[in-house]
């Protein structure tokens, strides 16, 4: 598994940075397993598959959800209701309020990232993330199996 680091990038430059990474690193941006690689290749030229969707236990998912902020529960609720679909980031931050934007979503998701150690030390979220370079936005997808488990505590 690759090690990832967070690098602050000014919001207006994120699409350019993602395009640069996609053009120069290609397969290195994808997870190491074959299914992730196949999923990214099927996604088309404008998609950069990144990280997420590692195996979490039922107890870890329940704990993660119950300890989440209301904003994160809202985001997870959207992903649960649209399981198996790639959900654009705008569809995740709009329910967070009239003033919400991509920074609001980033802040909401950073809380989950900071708490990974509480849930078995997972390196990734319990859902997928990719950058759509054609649309210039992030997209998220939760597997149905994960959505089913989280639905038990919603």
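Residue numbers (this note's numbering): 11 to 164. Here a beta-carbon is modelled for each residue, glycine too, at the ideal position from N, C-alpha and C.
Name the residue from the options whose alpha carbon lies nearest to the alpha carbon of residue i.
i           : options              : result
residue 156 : 77, 76, 90 and 80    : 90
residue 162 : 26, 22, 27 and 73    : 73
residue 101 : 129, 147, 164 and 68 : 147
residue 137 : 128, 93 and 108      : 93
residue 130 : 23, 24 and 68        : 68
residue 145 : 66, 24 and 79        : 24
Assuming residue i and residue j form a contact by the criterion Cβ under 8 angstroms, report the distance between their Cβ atoms to the nearest whole angstrom.
i           : j           : result
residue 122 : residue 135 : 6 angstroms
residue 124 : residue 77  : Rounded, the Cβ-Cβ distance is 11 angstroms, inconsistent with contact.
residue 112 : residue 21  : 7 angstroms
Can you give me the Cβ contacts of residue i inside the same chain, cut-off strictly under 7 angstroms, excluding the 5 residues immediately before and after it?
i           : result
residue 160 : 71, 75, 86 and 90
residue 169 : Past the boundaries of the shown model lies residue 169; the chain is included only from 11 to 164, so the question cannot be answered.
Which partner residues of residue i appear in the DSSP bridge assignment?
i           : result
residue 148 : 141
residue 97  : 150
So, at 8 angstroms on beta carbons, what are the nonlocal neighbours of residue i in its own chain, with the 5 sequence-adjacent residues on each side left out?
i           : result
residue 106 : 81, 84, 85, 114, 115 and 118
Between which residues of its own chain and residue i is the CB-CB distance below 6 angstroms, once the five residues before and five after are set aside?
i          : result
residue 19 : 27
The region 96-113 contacting the region 144-161, beta-carbon criterion three pairs below 8 angstroms
yes
Would you call the region 139-147 and the region 80-90 touching, i.e. three or more CB-CB distances under 8 angstroms?
no
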